[in-house]
Amino acid sequence: MNVLMNVRELIKAHGDIEREVYLDFENSGPVLPEVIEAMLPYLRERGYGNPTITHKPGWEAYEAIMEASEEIAGYIKASSFEELHFTHSDTEANNIALLGGFSANRKLGRRVVISKIEPLSILFPAQMMRKNGVEVVEVPVNNEGFVLENELLKAVDDETVIVSIGLVNHEIGTIQPIKELVEVVKERNPCTLFHTDASDAYGRIPFDVRELGVDMATLCSYKIQGPRDIGALYVREGVKIDRILEGPLGTESLWPGLENVPGIVGFQMASRLAFENLHEKARRLKGFRDMLITEILEKIPETILNGPRGDRRAPDNVNISFLRCEGEALTIELSLRGVYVSSGSACTRRLLQPSHVLLAIGRKYEEAHGSVLMKLSSKHGFEDIQYVLKVLPQAVGRLRSISPF
Amino acid sequence: MNVLMNVRELIKAHGDIEREVYLDFENSGPVLPEVIEAMLPYLRERGYGNPTITHKPGWEAYEAIMEASEEIAGYIKASSFEELHFTHSDTEANNIALLGGFSANRKLGRRVVISKIEPLSILFPAQMMRKNGVEVVEVPVNNEGFVLENELLKAVDDETVIVSIGLVNHEIGTIQPIKELVEVVKERNPCTLFHTDASDAYGRIPFDVRELGVDMATLCSYKIQGPRDIGALYVREGVKIDRILEGPLGTESLWPGLENVPGIVGFQMASRLAFENLHEKARRLKGFRDMLITEILEKIPETILNGPRGDRRAPDNVNISFLRCEGEALTIELSLRGVYVSSGSACTRRLLQPSHVLLAIGRKYEEAHGSVLMKLSSKHGFEDIQYVLKVLPQAVGRLRSISPF
Amino acid sequence: MSRVPLPYSQKILELFRNPKNLGKLEDATVMAMAGSPACGDLIAIYLKVDDREVVEKATFESYGCAANIATASVLTEIVKGKRLPEVWRIGWKEVAKEVGGLPSVKLHCGILATGALRRAIRNFYRKRGLKPDWMPEGLTLEERQALEEEKLAEVLSKRLKLE
Amino acid sequence: MSRVPLPYSQKILELFRNPKNLGKLEDATVMAMAGSPACGDLIAIYLKVDDREVVEKATFESYGCAANIATASVLTEIVKGKRLPEVWRIGWKEVAKEVGGLPSVKLHCGILATGALRRAIRNFYRKRGLKPDWMPEGLTLEERQALEEEKLAEVLSKRLKLE
Ligand SMILES: Cc1ncc(COP(=O)(O)O)c(C=O)c1O
Ligand SMILES: Cc1ncc(COP(=O)(O)O)c(C=O)c1O
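In order, the protein sequences belong to chains E, W, H and D.
Numbering (the numbering used here) for the first sequence: 545 to 949.
Numbering (the numbering used here) for the second sequence: 545 to 949.
Numbering (the numbering used here) for the third sequence: 232 to 394.
Numbering (the numbering used here) for the fourth sequence: 232 to 394.
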């Protein structure tokens, strides 16, 4: 297979790298060793049954799922473990919240409101709904990514079934004042359901679903270095959601089929690790984050920070546009030096357009094409940051030296 | 949590068991050690990137997915790796085949034909489609579970978009003559798509999708002791399928979101192990299968075999009804003795009705309630079979001694 | 959004393994059944009642799941030494509580045992041509539930044959 | 059901890292650009052409992805020593083949470089007031593609501002 030969050569071309710094936790990441340890017994010898069957390996599976539900429900201060539903991913949880939430509550109206900077797993299902006759309104944001409250108020009407606005933006780290936004929405229409994609908040900043007042919230495992293919949807008691697929029901009622017990146990452990000393770790992350931002903006000319600064920005998020530098070229240039990032360039995204989030905060196309997103993990150390700061000017410099402008 | 206390006590009540024999591979099972070994590097340190991002950990992920596609496509003799699409499960693959297959080809008509013994992951989506106005016809089977060809011929009309009939029945092991059925269908309507759920065939009996002539086939990982939460849908080149969910596309185009690389690698290894000496293992399995069937029918009175015998039955499938014995009670009774099985009783299934498969082959309700399904693995040995044969009469005897009739 | 199965309590498992008052009662004054093989749950209750209408002994037989067996075991314990009017008042809730709670999908098993018991009491008085004033004319929830279940199984069985 | 990205060939990565003929050509006879910063792909081609219309030297500058850089590098190699009529005939397919194949989502990068080259050739003749008979009046596929991409970016940019 030609493709396989190509990719093997690409990997080989990296040779021996001085240091590797993985900064693409937006898009995935290695699973933490403690998480793998926790999963192994459930892959090998425990709870390998189907939790709906009445025998020991089934009951063990059931026990594991209930324990994980209870623990994870606790981290987001849900009223009960019954409000937490595991899904195969955050993508799936977002789809269920929108499609299943709309379908179960369609008598409330025919409108869905989202912000202009939601991830594709919200934006694309919303666009699919629009094709099927649902009114979809995309509320604009300001140049730091904060939703414009007056625009939100205008968008919500008597017919609005669901509003979905992310708690922490996945690309530019804007921490949305969700509690206020929920109040704006509920005051206008108390029946409207409020969903928040909290994938980028969970395990990075503390939040309390009851205090926020949301009806649904999406949680993600891989973004906190848990296993892939597991996520969760918090659904406040009393809120109705339809299933999208059908099949044999397990203990989870939002999604048919066999529960991924090892995945659930891994998600539980990743959550536990993330919430251990959350504040302390966030402080440390912010230190590294600001070091990266300050030094890059200072040392590399023609750079722009995307998203807000300080406490209104997620502690792990660095997103900077390098003018006269195309993003995909930059990710490869950096990969060859052992630094792994992603970009909002049209080229990396394999869509015809650059990041809709960057465009929504007013970046020009050429600014969006040159953007680089770095997401820090609490496993990163000072040397990692220094290495990035050493390598980045070389990579940017090389590409700019090629550019015709 | 009350539930958690209960389940812990249930597990504890098992105490020390002389021997454990897991026979519920229908519903899940432990992952093989070699499979876990293959997955570990991809959880820890390799290919942990997103395969759509242009950096080393992403390319490694891409490489892993392509290698797995190619290998698995080879086992079912697909024309190309591009015909294989990973999904989160067999349940999901079946849903995509029906819902996505119908939606993309709806201009071909308004009918879907399935058999009366399809699994719930086919039956329930079909019922959902029926609610939405699709004509769903369920074709009856004979008392061994073979689809009645004349009924199939009657069911397929000019408006039939999809026919879905499983290759090996999940409960009674009937090996359907799919090639013939495809011919019957295609002769009547060459435009009709033929899907087969091959979850219970893959890795147990050899088959060739091109020889069978099917347009789509579902494969399952956990049933061959691979990881859960991974499956695949074979889609013949040229056949169109719509996505059901929307979101960021990975290398897989049927399902949005981040690919489960460790799961894919595990599925690949489980497949490799299953296809190693497939014929030899099948012969050995058939020996154990027939030993169980013969001895149980001989030694325990009032027992009925469900499904065919000999080469028309899956090598791993034993399904027997024990009259005057309720199935759920029997699964618990056996669990306490270390033998783990499932039952077609209404009670285990947590539906109001016993197995629709057993009813479809003409079993009475009381016969279906007393059914026990055992699925063998090639890891089972002679001692395991002997232990089951020792314990089963005790369990059945105890329950019958309680029965009022 | 109903969560599926709450697992059995420890007590149910214990009573499933070692049920009390098991078996036919040879010198029973009265017996009754509820459920059917087609339901997957059938329970027989045997009562030995003395002249003062006190239950001297109660036993059961069961074809059914663990919940069915455990509730019958508990019920036959509770009734011992009680007078029939008092026995009549034992509702399914009490039995369910006594076994440490029943998973919601299993409530009908608790109801079935109580239904069989009430049927036995009715039989007792019917045999003697009596109609105690404390006994309602119409069927109670428990008896109706048993009846419904039996009918459902019958209907489903018939439908199956028709096809 | 289009599979997303075919990864780059080894050759593209190699040329991305060590492109040939890089940089402005100070004594260029003619130059042309294709693409724009807004597209995320911009390429400049410089040609030094002698009196017999032979390309003595070709260089390029690029703002764009690895495919863009690699195809430009290959193209500037191919044209060297060739006469312009021959250079004109180099199509994007040839360039794509030369870099070991382009992922389908990246084909437009190969086309862009060829588009820039053809524009440079047109410029060469236009400056001299010539109209060689082998040069088509209308735009070729490669030139149209470049134009379309530039226009698309412009339209999208404008739409963004209007909102
Ligand atoms: C920088 C960056 N942001 C965002 C995304 C994905 O965004 P979304 O969640 O909108 O799919 C990607 C994916 O490729 C990316 O590379
Ligand atoms: C014996 C038996 N058969 C089948 C099933 C599931 O069947 P289906 O694939 O139709 O959901 C179960 C599930 O509980 C079972 O226990």
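For glycine and all other residues, C-beta sits at the position ideal for the given N, C-alpha and C.
The structure presented is a predicted model; accordingly, all values stated were derived computationally and were not measured.
>> Which residues in chain B have a C-beta closer than 7 Å to the C-beta of residue 275 of chain D? List them in chain order.
In response: No chain B appears in this structure, whose protein chains are E, W, H and D.
Item to complete: Go to residue 606 of chain E, then tell me how far its alpha helix (DSSP H) extends in each direction, as first and last residue.
Response: To locate residue 606 of chain E, count along the first sequence from 1; it is residue 62. Unbroken alpha helix (DSSP H) run through residue 606 of chain E: 600-619.
Nearest to residue 276 of chain D by alpha carbon, out of D/291, D/308, D/355?
The residue labelled residue 276 of chain D in the question sits at position 45 within the fourth sequence. For residue 276 of chain D, the nearest C-alpha among the options comes from D/291.
Following the continuous beta strand (DSSP E) through residue 706 of chain W, name the residue where it begins and the one where it ends. Locating residue 706 of chain W in the second sequence gives position 162, where the first residue counts as 1. Run containing residue 706 of chain W: 704-708, per the beta strand (DSSP E) assignment.
- Query: Of the choices E/799, E/812, E/772, E/784, whose alpha-carbon is the least far from that of residue 803 of chain W?
  - Reply: Along the second sequence, one-based indexing puts residue 803 of chain W at 259. Looking at the Cα atoms, E/772 is the closest of the given residues.
Using alpha carbons as the reference points, say which of W/557, W/556, W/574 lies closest to residue 770 of chain W. Taking the first residue of the second sequence as 1, we reach residue 770 of chain W at position 226. The option with the nearest alpha carbon to residue 770 of chain W is W/574.
| said: Would residue 909 of chain E pass as an interface residue toward chain D - the criterion being a Cβ-Cβ separation below 8 Å? | reply: Within the first sequence, residue 909 of chain E is the residue found at index 365, counting from 1. So, interface residue.
| Is it right to say residue 386 of chain D is buried, meaning 16 or more other beta carbons lie within 10 angstroms of its own, or is it exposed? | As a first step, residue 386 of chain D is located in the fourth sequence; it is residue number 155 there, counting from the start. When all chains shown are included, residue 386 of chain D counts as exposed.
### Query
Beta-carbon of residue 938 of chain E versus every beta-carbon of chain W: anything under 8 Å?
Reading the first sequence from its first residue, position 394 is the one you call residue 938 of chain E. Not an interface residue.
Mind reading off the beta-carbon distance from residue 351 of chain H to residue 341 of chain H? Whole number of angstroms is fine, and I expect it under 8 Å. Your numbering for residue 351 of chain H matches position 120 in the third sequence. Your numbering for residue 341 of chain H matches position 110 in the third sequence. Cβ-Cβ separation between residue 351 of chain H and residue 341 of chain H: approximately 16 Å, too far for a contact (criterion under 8 Å).
- request: Please report the residue range of the beta strand (DSSP E) in which residue 345 of chain D lies.
  value: To locate residue 345 of chain D, count along the fourth sequence from 1; it is residue 114. Segment 338-358 is the alpha helix (DSSP H) holding residue 345 of chain D; no beta strand (DSSP E) there.
Three-state secondary structure assigned by DSSP to residue 905 of chain E: Mapped onto the first sequence, residue 905 of chain E falls at position 361. Judged by DSSP in its simplified three-state form, residue 905 of chain E adopts coil rather than helix or strand.
Notebook entry, point to check: Which residues bound the beta strand (DSSP E) around residue 293 of chain H?
Noted result: Here residue 293 of chain H refers to the residue found at position 62 of the third sequence. Taken as a continuous stretch (DSSP letters only), the beta strand (DSSP E) holding residue 293 of chain H covers 286-294.
Give a yes or no on whether the minimum CB-CB distance between residue 668 of chain W and chain E is below 8 Å. As a first step, residue 668 of chain W must be located in the second sequence, where it is residue number 124. So, interface residue.
Discussion item. Taking 8 Å as the threshold (beta carbon to beta carbon), is residue 597 of chain E in contact with chain W?
Written reply: Sequence index remark: in the first sequence, residue 597 of chain E carries index 53 (1-based). Residue 597 of chain E counts as touching chain W.
key: CA-to-CA distance, residue 319 of chain D to residue 371 of chain D, given in whole angstroms   = Position 140 of the fourth sequence holds residue 371 of chain D. Position 88 of the fourth sequence holds residue 319 of chain D. Approximately 10 Å, taken between the alpha carbons.
Fill in: Nearest-angstrom Cα separation, counted from residue 278 of chain H out to residue 314 of chain H
As a first step, residue 314 of chain H must be located in the third sequence, where it is residue number 83. As a first step, residue 278 of chain H must be located in the third sequence, where it is residue number 47. Looking at the two C-alpha atoms, the distance is approximately 12 Å.
Practice item. Could you name the residues of chain D that residue 862 of chain E contacts, counting a contact when the two beta carbons are closer than 9 Å? Key: One-based indexing of the first sequence puts residue 862 of chain E at position 318. Those within 9 Å of residue 862 of chain E in chain D number zero; the least Cβ separation is about 21 Å.
Measure the C-alpha to C-alpha separation of residue 265 of chain D and residue 884 of chain E and round it to an integer number of angstroms.
Stepping through the fourth sequence from its first residue, residue 265 of chain D is reached at position 34. Stepping through the first sequence from its first residue, residue 884 of chain E is reached at position 340. If I take the Cα positions, the gap works out to 30 Å.
| query | residue 653 of chain W: which of W/617, W/703, W/630 sits nearest, CA to CA? | reply | The residue given as residue 653 of chain W occupies position 109 in the second sequence. Among W/617, W/703, W/630, the Cα nearest to that of residue 653 of chain W belongs to W/703.
Which of helix, strand or coil DSSP assigns to residue 394 of chain D | Your numbering for residue 394 of chain D matches position 163 in the fourth sequence. Confidence at residue 394 of chain D is low in this model, with a pLDDT of 46, below 50, so its placement is unreliable and no value can be given for it.
With a Cβ-Cβ cutoff of 8 Å, do residue 642 of chain W and residue 706 of chain W count as a contact? Stepping through the second sequence from its first residue, residue 642 of chain W is reached at position 98. Stepping through the second sequence from its first residue, residue 706 of chain W is reached at position 162. Yes; because the gap between Cβ atoms is below 8 Å, this pair is in contact.
message = Rounded to whole angstroms, what is the Cα-Cα separation between residue 234 of chain D and residue 629 of chain W?
response = In the fourth sequence, the residue the question calls residue 234 of chain D occupies position 3. In the second sequence, the residue the question calls residue 629 of chain W occupies position 85. Legend: pLDDT at residue 234 of chain D = 45, less than 50; position of this residue unreliable, no value from coordinates given.
Checklist entry - The alpha helix (DSSP H) with residue 549 of chain E in it runs from where to where? => result In the first sequence, residue 549 of chain E corresponds to position 5, counting from 1. Unbroken alpha helix (DSSP H) run through residue 549 of chain E: 546-556.
Report yes if the CB atom of residue 856 of chain W is closer than 8 Å to the CB atom of residue 719 of chain W, and no otherwise. Mapped onto the second sequence, residue 856 of chain W falls at position 312. Mapped onto the second sequence, residue 719 of chain W falls at position 175. Yes, the Cβ-Cβ distance between residue 856 of chain W and residue 719 of chain W is below 8 Å.
Note to self: Please list, in chain order, the residues of the segment 801-821 of chain E that have any C-beta partner in chain W closer than 8 Å.
What the structure shows: Of all residues in the segment 801-821 of chain E, 801, 802, 803, 804, 805, 806, 807 have a Cβ within less than 8 Å of some Cβ in chain W.
- the segment 790-808 of chain W in contact with the segment 664-680 of chain W per 3-pair CB rule at 8 Å: no
Margin query: I'd like to know if residue 931 of chain E contacts chain W, where contact means its C-beta is closer than 8 Å to some C-beta of that chain.
Written below: As a working note, residue 931 of chain E is residue 387 in the first sequence. Chain W contact via Cβ: absent.
Of all the CB atoms in chain E, is at least one closer than 8 Å to the CB of residue 366 of chain D? Translated into the one-based positions of the fourth sequence, residue 366 of chain D becomes position 135. For residue 366 of chain D, not one C-beta of chain E is nearer than 8 Å to its own C-beta.
Review point. Can you name the residues of chain W whose CB is closer than 8 Å to the CB of residue 772 of chain E?
Key: The residue labelled residue 772 of chain E in the question sits at position 228 within the first sequence. Near residue 772 of chain E (Cβ distances below 8 Å), the residues of chain W are 802, 803, 804, 805, 806, 807.
(request) Could you list the residues in the segment 266-297 of chain D with a C-beta less than 9 Å from some C-beta on chain E, going in chain order? (result) Listed by position, the residues of the segment 266-297 of chain D near chain E (Cβ gap below 9 Å) are 267, 268, 269, 270, 271, 272, 273, 274, 275, 291, 292, 293, 294, 295, 296, 297.
- Message: For residue 283 of chain H and residue 312 of chain H, I'd like the C-alpha separation in whole angstroms.
- Response: In the third sequence, residue 283 of chain H corresponds to position 52, counting from 1. In the third sequence, residue 312 of chain H corresponds to position 81, counting from 1. Taking the straight line joining both Cα atoms gives about 11 Å.
* Asked: chain W beta carbons: is any one of them nearer than 8 Å to that of residue 342 of chain H?
  -> Indexing the third sequence from 1 puts residue 342 of chain H at position 111. Cβ-Cβ to chain W under 8 Å: no for residue 342 of chain H.
Would you decide whether residue 842 of chain E is buried or exposed? Buried here means 16 or more other CB atoms lie within 10 Å of its CB. Indexing the first sequence from 1 puts residue 842 of chain E at position 298. Under this definition residue 842 of chain E is an exposed residue.
request  = Using only alpha-carbon positions, find the residue among E/863, E/810, E/848 that is nearest to residue 833 of chain E.
outcome  = Mapped onto the first sequence, residue 833 of chain E falls at position 289. Nearest C-alpha to residue 833 of chain E among E/863, E/810, E/848: E/863.
If we define contact as Cβ-Cβ less than 8 Å, is residue 649 of chain W a contact residue for chain H?
Numbered from 1 along the second sequence, position 105 holds the residue referred to as residue 649 of chain W. So no, residue 649 of chain W is outside the interface.
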